[in-house]
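The structure under discussion appears below in the form of structure tokens.
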Amino acid sequence: MLVLEAKLRAKDWQYELLEEAIRTANFVRNKALRYWMDNRGVSKNDRPNLCATLAKEYDWAGKLNSQARQSSADRAW
Numbered sequence: 083m084l085v086l087e088a089k090l091r092a093k094d095w096q097y098e099l100l101e102e103a104i105r106t107a108n109f110v111r112n113k114a115l116r117y118w119m120d121n122r123g124v125s126k127n128d129r130p131n132l133c134a135t136l137a138k139e140y141d142w143a144g145k146l147n148s149q150a151r152q153s154s155a156d157r158a159w
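Okay, so the sequence shown: first residue is 83 according to my numbering, each after it adds one.
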């Protein structure tokens, strides 16, 4: 199980940005898992292509940097 914890004192807009980043990372992880389940022949090497496709397809997913998208996809594998 992965536990994310953040202790900070911030303004409301900073909390909103943090929540948006967490939701986007979970979205990428779930998309990677669904892609793996639907296409059983895929390998781990297909993850960067999937992340690049998601960044182009969804503008808000492109806001998350590429390393964060890649690590979210890695968690699904």
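Just so you know, even glycine gets a beta-carbon here, dropped at the ideal spot from N, CA and C. In this text the structure is predicted, and so the values were computed from the model without any measurement.
My guess is that residue i and residue j are in contact by the Cβ rule of under 8 Å, so how many angstroms apart are they, rounded?
i, j, result
"residue 116", "residue 154", "Their Cβ separation, rounded to whole angstroms, is 13 Å, which puts residue 116 and residue 154 out of contact at 8 Å."
"residue 122", "residue 136", "Residue 122 to residue 136, Cβ: 20 Å. No contact."
"residue 138", "residue 159", "Between residue 159 and residue 138 the Cβ distance is about 21 Å, and since that is not below 8 Å, they are no contact."
Tell me the residue span of the alpha helix (DSSP H) that contains residue i.
i, result
"residue 92", "Counting along the chain, residue 92 falls outside any alpha helix (DSSP H), and DSSP gives it neither H nor E."
"residue 142", "141-144"
"residue 156", "148-158"
Count the other C-beta atoms from every protein chain shown that fall within 10 angstroms of the C-beta of residue i, then say buried if there are 16 or more, exposed otherwise.
i, result
"residue 146", "buried"
"residue 95", "exposed"
"residue 113", "buried"
"residue 129", "buried"
"residue 118", "buried"
Considering Cα atoms alone, identify which of the options is closest to residue i.
i, options, result
"residue 133", "144, 159, 87", "144"
"residue 149", "98, 120, 103, 139", "103"
"residue 156", "138, 90, 107, 100", "107"
"residue 140", "109, 119, 118, 87", "109"
> Can you list the beta strand (DSSP E) stretches of 3 or more residues lying completely in the region 109-139, in chain order?
Replying inline: none
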